[in-house]
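Notes follow once the structure below has been shown.
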Amino acid sequence: MAKWTSENTSDGLAAFSDNPKLKKELRKRRIRRIAIVVGVLLVVGLAAKPVYQKYRAFRIDQILEKAQSAARLEDWPTARAAARTVLISRPQDFEAFRIWTRALGQLGEPRTYLAAAMMFTNPKAGRDDQLEALRIMARQAPDGVTLGAYLSLPEDTREEIDFLTALSPLMTRRGGAAIVEQQLGATEDFANHPGARLEMIRALAARPSEERVEQAREHFAWLIENRYVAQALDALEILGETPGGLTKGSPLPPLAEWVGRQPEAETIHHLLALHPRIEGLPEAGEAVFREAIERFSGIDPGVLGTWLVRHGKAEMALEMLEEPAKTRSDAYVAMLHALLRSGREGKIDQALEEPPPSADLVDLALIRAVMARREGDKPAELSAWNDALKHAAFDNSQNRFLEIARYASGLGANRAAEDAWVAAIRVGWGPLPLYLDLQPRFASLASQGRSEDLLAMFRALLRFEPHNVELQNNFYYLGTIHELVAPQAAVDALRGLVEEHPDKPEFVSGLAMALLRNGQPGEVLPLMATIRSSDRVAPMMADALEGTARVMLDEAEAGRALLAKVEWKAFMRQERAAFRQLLVDQQVADLPLPDIESTLPDSDPTETSEWRKAVEKLEKARENDTLPALPPIELPQMPELE
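For the sequence shown, counting from 1, position 584 maps to 585 in the numbering used here; every step adds exactly one.
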């Protein structure tokens with residue numbers, strides 16, 4: 002029960018009193034009490050804030066130490082999670098960002114190159130940080146990003162063996178193995194640099210000859226002798242794919258014994274180490290294969306089965322894979338390849354009906370495409386390729402469209418390869434080729450009238466090669482005829498390109514189209530002499546531009562004469578539509594107008610739309626990706642992809 006006092010009794014009475022003085026006094030007392038309470042709370046809060054901040058900083062430092070410890074132990078999932086927690090609280094913590102980026106690179110996440118590019122351009126990044134970032138980008142970033150980063154380095158830094166080694170995998174992949182051999186071989190520190198030796202092996206194996214393979218074997222023997230295990234195991238895989246790379250004899254030591262002593266060795270390394278025995282003792286080869294099956298069938302049947310198939314032992318692989326293929330995806334895919342190699346099409350159809358739950362859907366679709374292609378079933382083949390593209394869109398671990406594109410190219414399935422390249426570029430991650438490397442694909446897409454796909458690819462590639470003037474010109478031209486870019490914006494951009502590059506008269510053609518779309522035909526006619534002087538602008542395009550301009554300037558007869566010479570079927574559908582709109586708007590009778598019916602090959606729009614919709618969603622999700630700007634460096638003319 003409350004204790005009554007004169008004060009609270011007075012307050013209680015005042016609350017029910019009509020006396021204004023009493024009420025005013027009560028309000029003053031309440032305000033004073035509230036002020037006192039608030040003041041006390043503020044004092045307590047201000048006194049506690051430094052203590053809380055110190056405690057919070059202490060906890061974050063503890064988490065950072067956990068991330069550092071996990072990175073030293075190469076526990077990359079833990080390192081990534083701990084570093085991310087630190088970055089949420091301290092976004093500017095560069096040490097946490099460094100660990101997070103390294104962890105992403107080790108785990109192979111598809112957007113790692115964004116973090117690597119941010120680390121590369123961070124003012125706090127030192128030499129080792131930039132080197133680590135370049136290594137990550139060379140494996141996972143679009144080629145334009147990696148080359149742009151490398152070329153932004155000071156010249157003396159670019160010539161250091163560590164940076165040359167970091168860039169070498171990309172150069173070799175792009176067909177620049179000869180350049181890698183020359184650059185690495187000319188460095189002073191090459192002889193004692195294990196990474197450079199490994200990249201030299203990769204470059205030599207990319208252009209195998211008896212002399213170069215022997216050199217690669219000598220570098221491999223040096224890595225083994227000097228106990229550079231990680232590099233030697235990588236070299237073992239490279240030479241295992243190279244004819245004569247693992248032939249028995251000097252300078253290689255007994256490989257099986259050496260691999261057996263390496264805890265880091267995986268199944269594939271143990272299998273590759275058997276090559277000298279197989280080649281050296283052909284009559285005992287069967288026994289070696291049986292030994293391998295007995296040893297590894299329960300450990301890694303998928304890798305073992307693939308290895309057997311490559312050695313022409315498809316029947317032996319099928320026997321070994323029968324049981325594990327029922328539950329393991331890798332063994333199941335290896336079994337399908339063994340069936341393909343042995344020509345058992347009927348068995349493949351049966352196997353495809355009962356895949357294990359873990360089966361890779363992209364791989365299954367590719368096998369179906371191969372089968373349909375062998376049987377000449379074009380609708381089934383188209384459906385299988387579209388299934389592969391659709392399933393690839395849901396693989397967040399890597400850009401599977403690149404795999405599909407190269408697989409389809411190897412089979413001669415050009416339409417499927419082109420669809421896969423379109424999807425790969427639009428998705429926008431992974432080791433995407435340069436604009437220069439894709440020229441044959443662009444030409445093929447243009448011949449099919451697929452300007453929408455070209456425009457989407459150009460827009461995606463501009464993120465990675467923003468200073469490529471030919472790419473800019475093509476993007477603004479297609480953006481103009483598709484009405485994606487405002488005509489005035491296109492005129493301004495293309496006029497700038499023309500002024501900066503007078504040696505490229507073909508750029509004037511795009512400017513002329515933008516001027517027509519912007520209602521400025523009078524400015525087109527003075528450009529025609531330059532346009533017609535370029536051997537990269539078709540005469541029909543020049544006639545179409547000048548003829549349209551003259552019609553728009555009320556010179557109908559002169560315009561009609563030029564337009565009559567144009568074979569509109571040679572133009573892409575959207576180009577024809579753009580010219581038709583310009584001419585129809587003039588309301589001039591008897592003009593030879595272009596036909597805008599599609600010339601695309603027949604396809605199943607329902608199947609095609611599924612992978613396109615999935616790609617569009619991925620493209621939209623990528624809009625929030627931030628790629629830091631690199632210095633405006635024009636990429637050099639480099640060898641095209643082989």
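Even glycine gets a Cβ: it sits at the ideal position worked out from N, Cα and C.
Task: Cα-Cα separation between E608 and L135, rounded to whole angstroms - done: Note that E608 scores 47 on pLDDT, short of 50, meaning its location in the model is unreliable and no value can be drawn from it.
- [ ] Using alpha carbons as the reference points, say which of L528, D596, L554, A332 lies closest to P356.
- [x] The shortest C-alpha separation from P356 is found at A332.
Open item on the list: Measuring only the C-alpha atoms, how far is R551 from Q489?
Closed with: If you take the alpha carbons of R551 and Q489, they lie about 20 angstroms apart.
Task: Host alpha helix (DSSP H) of K379 (start-end) - done: Counted as a single uninterrupted DSSP element, the alpha helix (DSSP H) harbouring K379 occupies residues 379–393.
- [ ] Find out if the Cβ-Cβ distance for the pair G195, Q232 is shorter than 9 angstroms.
- [x] Contrary to the premise, residue 195 reads as Pro rather than Gly in this sequence. Less than 9 angstroms separates the beta-carbon of P195 from that of Q232.
Open item on the list: Is the beta carbon of A335 closer than 9 angstroms to that of A366?
Closed with: The answer is no: Cβ separation not under 9 angstroms.
- [ ] Grab me the residues of A84's own chain with a C-beta within less than 7 angstroms of its C-beta, minus the 5 sequence neighbours each way, in chain order.
- [x] If the five residues before and after A84 are omitted, its C-beta is found closer than 7 angstroms to the C-beta atoms of A68, A97, I100, W101, A104, all from its own chain and listed in chain order.
Task: Spatial distance of L435 from L148 (CA atoms) - done: Near 10 angstroms, if we compare the C-alpha coordinates of L148 and L435.
Task: C-alpha gap between E524 and A373, whole angstroms - done: About 55 angstroms.
Open item on the list: Between P111, P124, A578, which has its C-alpha nearest A139's C-alpha?
Closed with: Residue P111 is the option with its Cα nearest to A139.
Open item on the list: If I follow the unbroken alpha helix (DSSP H) through E316, where does it start and stop?
Closed with: E316 -> alpha helix (DSSP H) spans 315–322.
Open item on the list: Would you call the segment 142–159 in contact with the segment 443–460, where contact means no fewer than 3 C-beta pairs closer than 8 angstroms?
Closed with: Flag = no, the segment 142–159 and the segment 443–460 do not touch.
TODO: Using alpha carbons as the reference points, say which of R91, D76, Q141 lies closest to Q399.
DONE: Closest option to Q399, Cα to Cα, is Q141.
- [ ] Excluding the 5 residues preceding and the 5 following A421 in the sequence, name in chain order all residues of the same chain whose CB lies nearer than 7 angstroms to its CB.
- [x] Only residues of its own chain outside the window of five on either side were considered, and among them L390, F402, I405, A406, A409 have a CB closer than 7 angstroms to the CB of A421, listed in chain order.
Open item on the list: Mapping the DSSP letters down to three states, classify H502 as helix, strand or coil.
Closed with: Here DSSP, grouped into helix, strand and coil, assigns H502 to coil.
Task: Residue of S210, E200, E211, Q440 minimising C-alpha distance to L1 - done: Only positions 2 to 643 of the chain appear in this structure, which leaves residue 1 out of reach.
- [ ] Could you check the C-alpha separation between G520 and D493 for me, to the nearest Å?
- [x] Cα to Cα, G520 sits roughly 14 angstroms from D493.
TODO: Please report the Cβ distance between A178 and A217, rounded to the nearest whole angstrom; I am assuming they are in contact, meaning their Cβ atoms lie under 8 angstroms.
DONE: Here A178 is actually not in contact with A217; their C-beta atoms are around 11 angstroms apart, not less than 8 angstroms.
Open item on the list: Quick check on K29: does DSSP put it in helix, strand or coil?
Closed with: Helix, per DSSP.
Task: Buried/exposed call for L601, threshold 16 Cβ in 10 Å - done: Residue placement at L601 is flagged as unreliable, the pLDDT there being 47, under the threshold of 50; a coordinate-derived value is accordingly withheld.
TODO: Return the chain-ordered list of same chain residues with a C-beta closer than 6 angstroms to the C-beta of E620, the five sequence neighbours on each side being excluded.
DONE: Excluding residues within five positions, the ones whose Cβ falls inside 6 angstroms are R427.
Open item on the list: According to DSSP, is D350 part of a helix, a strand, or is it coil?
Closed with: In the structure shown, the three-state DSSP call for D350 is helix.
TODO: Given a cut-off of 9 angstroms, decide if N469 and G145 are closer than it, judged by their beta-carbon atoms.
DONE: Yes, they are a contact pair.
Open item on the list: Please report the straight-line C-alpha distance between A590 and R174, rounded to a whole angstrom.
Closed with: If you draw a straight line from the Cα of A590 to the Cα of R174, it is about 57 angstroms long.
Open item on the list: My output table needs one value for H194: the three-state DSSP class, helix, strand or coil.
Closed with: In this structure, H194 counts as coil in the three-state DSSP scheme.
TODO: Would you identify the three-state DSSP class for R613, choosing helix, strand or coil?
DONE: Here R613 sits in helix by DSSP.
TODO: Note the first and the last residue of the continuous alpha helix (DSSP H) segment covering V428.
DONE: Where V428 is concerned, the enclosing alpha helix (DSSP H) starts and stops at 415–428.
TODO: Identify the continuous alpha helix (DSSP H) that holds P325 and give its terminal residues.
DONE: First-last for P325: undefined, no H or E at that position.
Open item on the list: Using 8 angstroms for Cβ pairs, my map puts P595 next to F572. What's the rounded Cβ distance?
Closed with: Contact between P595 and F572 holds: CB atoms are separated by about 7 angstroms, below the 8 angstroms threshold.
Open item on the list: Which residue wins for smallest C-alpha separation from G109, given the options E576, P432, A615, S534?
Closed with: Residue P432 holds the alpha-carbon nearest to the alpha-carbon of G109 among E576, P432, A615, S534.
Task: C-beta contact flag for V616 and V363 at 9 angstroms - done: The Cβ atoms of V616 and V363 do not sit closer than 9 angstroms to each other.
Open item on the list: For A288 and N397, I'd like the C-alpha separation in whole angstroms.
Closed with: Approximately 42 angstroms between the Cα atoms of the pair.
Open item on the list: Given this structure, state the Cα-to-Cα distance separating M120 from P593, to the nearest angstrom.
Closed with: In a straight line, the C-alpha of M120 is about 57 angstroms away from that of P593.
Task: T328 versus L340, D301, S534, residue with shortest Cα-Cα distance - done: Here the closest residue by C-alpha is D301.
- [ ] For M529, name the three-state secondary structure that DSSP assigns.
- [x] Reduced to three states, the DSSP call for M529 is helix.
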